[in-house]
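Engineer: Provided herewith is a single structure, encoded as structure tokens, for subsequent inquiry.
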Amino acid sequence: MVLSFAYTRSLLPLAQVYTGRFPWTNIELHKKHGPVVRIAPNEYSIDDPSAVKAIYGHGTAFTKGPWYDGSTNLKDQKSNLFADRDPESHAAERRKVASLYSMSTLVTMEEGVNDCIALLEQRLGELTRSRKPINLQWWMQCYAFDVIGSITISKRFGFLDSGEDPMDLTSGMDDFLIHSARIGVYPELHPIIFKLGKWAGPNGIIRAFIFTRKEIHEYKATNKFLEGKIDEEAAFLPRLLRLHQAKPDSVTEEDVMRTCAINIVAGSDTTSISLTGVLWALLRNPEAMEKVLFIPSPRWVRGLTFTINQLRAEVDDKYLSGEIGDPISFADAQKMPYLQAVIREGLRLHPAGGLPLSRVVPKGGATIAGHFFPEGTIVGINAWVAHRNADVFGDDVEVFRPERWLEDEKNAHRMERYWLPFGHGSRTCLGKNMALMEISKLIPQLIRKFDIELADPEMKLETRNVWFVKQTNIIVQIKQRTL
């Protein structure tokens with residue numbers, strides 16, 4: 066069986082995914098061969114801005130590729146929103162919960178994020194007294210896990226209490242990501258491997274589902290729930306239970322559990338990787354970090370030459386005058402052009418996902434990037450490849466330069482259309498606003514409260530790559546600022 070798969074597919078993608086080299090190999094192949102690269106007998110990687118709308122645009126008939134089957138729980142009667150390859154069922158399931166991910170709903174959950182920021186500040190403040198280097202990546206992981214717990218089930222996981230993983234959730238996530246990324250290359254093997262328990266056993270992602278189910282049962286036993294007071298709560302779980310009570314046949318108890326669990330799975334690693342990517346870029350480019358501290362209007366951005374002390378004095382004055390809260394609100398953070406440019410640029414250079422977003426060419430075939438692909442062909446764009454397209458982002462595409470997003474409005478819109486850290490179209494990540502809220506609030510807070518620098522200025526970034534490109538070694542020295 067495995068031999069027949071090797072004939073019909075290719076061992077190259079599996080080898081590259083297995084060794085963690087896929088993103089960089091994918092980039093090099095496009096540099097050598099151009100915008101269309103065959104990565105398996107019936108699968109192509111595309112690097113062309115016009116392909117985004119053709120493949121991922123609203124109303125296209127392209128469906129998710131078989132790679133996503135590796136992320137399905139075969140014990141569940143329904144596929145999760147991420148892995149569901151059927152456009153109709155996906156649209157129906159997404160409609161049930163889409164309002165919970167809207168900007169207007171998320172800002173009602175902001176207080177939970179503020180609590181996590183305060184606790185992270187406290188932990189980092191304690192660590193500054195030891196004067197020992199810390200792994201900033203791990204603390205971003207702690208923050209992301211506790212925030213997603215607070216937003217989803219009104220309860221932090223406890224990572225920020227001690228800087229440890231109290232339920233060993235991260236290893237379960239890692240097992241799931243390894244399985245899903247590798248078995249996605251040969252999804253026909255998923256039912257066999259699944260039965261062995263690696264994906265769904267006590268050491269796999271099922272740990273998150275078991276935990277979520279337990280939390281739901283505990284919440285439903287509280288006096289607040291029994292007395293019908295859940296309308297007062299802002300987190301996902303009480304809102305989902307409210308939907309379930311109103312329409313039990315439409316939003317089932319399993320829907321409640323599945324949505325909460327997927328929130329935790331999808332909203333922890335991805336956000337911590339994105340946060341760490343932005344901070345790494347700032348630490349490698351401290352002149353950009355200085356500019357983040359100031360809140361310029363768009364017309365002031367070009368040629369900004371203020372010193373770090375002047376910039377910090379400016380932002381400190383705004384905090385002390387009450388113009389900006391402590392921590393900064395998501396609404397105010399969105400009004401900071403340079404901060405938002407830093408975030409866009411950080412996610413351009415280090416998107417969380419390192420594999421193409423594969424899709425199946427529909428009936429009748431399709432012409433993409435000037436090439437015709439017959440129906441059934443698998444095509445996809447890898448954000449790591451797209452974000453290094455010099456025709457779109459400029460000849461300095463490997464350079465962290467946030468100003469590129471502020472120099473020309475027309476060009477910024479052009480780059481935005483090929484900026485894919487959260488996907489595109491009807492399958493855009495539902496948690497996009499949630500992730501951007503966490504990032505936009507924490508970055509200025511860390512920079513305002515702490516002096517952070519790499520413990521070794523010559524440090525090379527190390528990553529562990531399967532599905533996500535996860536940093537492992539952001540070792541920094543951190544000092545608390547006197548405000």
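Residue numbers (our numbering): 66 to 548.
Note that the Cβ used here is the ideal one computed from N, Cα and C, for glycine as well.
#1: To the nearest angstrom, report how far apart D293 and Q310 are at their CA atoms.
#2: Taking the straight line between their C-alpha atoms, what separation do you get for S215 and E229?
#3: Please determine if the stretch 409-424 and the stretch 334-346 are in contact, where contact requires at least 3 C-beta pairs separated by less than 8 Å.
#4: Going by beta-carbon coordinates alone, are L201 and I517 separated by less than 9 Å?
#5: Do G135 and I271 have their C-beta atoms closer together than 9 Å?
#6: Please classify D473: is it buried, with 16 or more other beta-carbons within 10 angstroms of its beta-carbon, or exposed?
#7: Between which two residues does the alpha helix (DSSP H) harbouring N328 extend?
#8: If I follow the unbroken alpha helix (DSSP H) through A156, where does it start and stop?
#9: Identify whether Q81 lies in helix, strand or coil by the three-state DSSP scheme.
#10: Kindly indicate the opening and closing residues of the alpha helix (DSSP H) around I540.
#11: Grab the span of the beta strand (DSSP E) containing A417 for me, first residue to last.
#12: By Cβ distance below 8 Å, which residues in the same chain neighbour P549 in space, the five residues on each side in sequence not counted?
#13: Say whether the stretch 187-206 touches the stretch 315-325, bearing in mind that this needs 3 or more beta-carbon pairs closer than 8 Å, one atom from each stretch.
#14: Based on the DSSP output, what are the partners of H436 in its beta bridges?
#15: Below 9 Å between beta carbons: does that hold for L556 and V541?
#16: Among G122, I338 and L507, whose alpha-carbon lies nearest the alpha-carbon of I393?
#17: Measuring straight from C-alpha to C-alpha, what distance separates F395 and V178?
#18: Judging by CA-CA distance, which residue of E318, S333, D141 and E280 is the nearest neighbour of S236?
#19: Is there contact here, the stretch 432-452 with the stretch 98-112, by at least three beta-carbon pairs under 8 Å?
#20: Keeping to the same chain, check which residues put their C-beta closer than 8 Å to that of D521; ignore five residues upstream and five downstream.
#21: Can the beta-carbon of I338 be found less than 9 Å from the beta-carbon of V534?
#22: Taking the alpha carbon of Y166 as the point to measure from, which residue in K428, I213, A209 and D141 has its own alpha carbon closest?
#23: Consult DSSP for G490 and reduce its assignment to one of helix, strand or coil.
Structural biologist: Short version:
#1: Rather than Asp, the amino acid found at residue 293 in this sequence is Gly. One C-alpha to the other measures close to 10 Å.
#2: 17 Å
#3: yes
#4: yes
#5: no
#6: exposed
#7: Segment E318 to A331, the alpha helix (DSSP H) holding N328.
#8: P152 to V162
#9: Reduced to three states, the DSSP call for Q81 is helix.
#10: Looking at the DSSP string, I540 is not in any alpha helix (DSSP H); the run it does join, the beta strand (DSSP E), is I540 to Q545.
#11: Run containing A417: none; DSSP gives neither H nor E here.
#12: What is shown of the chain runs 66 to 548, which leaves residue 549 out entirely.
#13: no
#14: I433
#15: Here the chain comprises residues numbered 66 to 548, so residue 556 is not present and cannot be evaluated.
#16: L507
#17: 10 Å
#18: S333
#19: The stretch 432-452 vs the stretch 98-112: in contact.
#20: I540
#21: yes
#22: I213
#23: helix
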